[in-house]
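Data first, discussion second: the structure below is written as structure tokens.
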Amino acid sequence: MEDPLLNFLVKFQSLVARNVVISHLGVENVNKICALDVAYKGNKGYAVAVYFDGQGYDHNVVIDEVKFPYIPTFLFIREAPLMIKALEKYQDQCQLTLIDGHGLAHPRKSGIATVIGVLLDIPTIGVAKSRLFGEEVKEDSEIYILAHGEKVGIKKGKFYFSIGNKVDLNDVKVLARKGYPEILKLADKLSKEAKGKNS
DNA sequence: GCGACAG
DNA sequence: ATCTTGTCGC
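Its first residue numbered 325, the first sequence is counted upward by one per residue in my numbering.
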């Protein structure tokens, strides 16, 4: 890590990791949820925040030029700014925000879900479609994800759920049991729609 | 040096 | 993530 910028980002992530709050939210009793995802077309990013109020869905799209490339373990600097902008509309109403990517299942316990959760001081859970970091251990018919020896999430099918901020392993477990969240499928669909429209 | 590597 | 044809399987 001799690149000064990446070296700086590593320190930033370490600061974020030191400020993560792991506490019980009670996902089973939460009905107002948000989800974040981003689609790309060239150097344009199409971020979408989807909000479910317990009855129906609403969403907000934010489009902007993305300057930073994708570098494994540094996804947050590329996508978080746009995601946060898209979430502003519902930020005060969401009891929990699901984010496309990992949370604590990251080499520095600072995946994009954790970064956004700590920066905004809100409950978040990371949901990723593939592996980035951590050992997988089976226990009680569950596959736990360990980061530096600590249980930080659960693998369910082909998906990886991990603590972002202000939730605990129990919350993640309850969410994971239901499979890939419908609201994230919607976020994925809507971001790709926005991308197609703006061409 | 080699392999792994969210979106 | 995105680019992309046909193809294997429920």
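A virtual CB, placed ideally from N, CA and C, is assigned to each residue, including glycine.
V476 - partner residues in DSSP beta bridges: In the DSSP output, where bridge partners are listed per residue, V476 has none listed.
Please list the terminal residues of the continuous alpha helix (DSSP H) segment that includes L349. Where L349 is concerned, there is no enclosing alpha helix (DSSP H), given that its DSSP letter is neither H nor E.
From T438, R432 and E466, residue whose alpha carbon lies closest to that of K335: R432
What would DSSP say about L406, mapped onto helix, strand or coil? helix
Going straight from the alpha carbon of V451 to that of K391, what length do you get? 24 Å
Beta carbon of L428 nearer than 8 Å to that of I487: yes
Among the candidates K502, V476 and L514, whose CA atom is the shortest distance from the CA of V345? Residue nearest to V345 within the set K502, V476 and L514 is V476 (criterion: CA-CA distance).
Please classify M407: is it buried, with 16 or more other beta-carbons within 10 angstroms of its beta-carbon, or exposed? buried
Return helix, strand or coil for V442, following the three-state DSSP convention. In the three-state reduction of the DSSP assignment, V442 falls in the helix class.
Same chain, Cβ closer than 8 Å to D492, neighbours up to 5 away in sequence not counted: I346, S347, H348 and L349
Beta carbon of Q419 nearer than 8 Å to that of P393: no
State the start and end residues of the unbroken alpha helix (DSSP H) segment that holds V334. P328 to R342
Tell me the DSSP secondary structure of A429 in three-state form. coil
Terminal residues of the alpha helix (DSSP H) in which D377 lies: Premise fails: D377 is in no alpha helix (DSSP H) and is neither H nor E.
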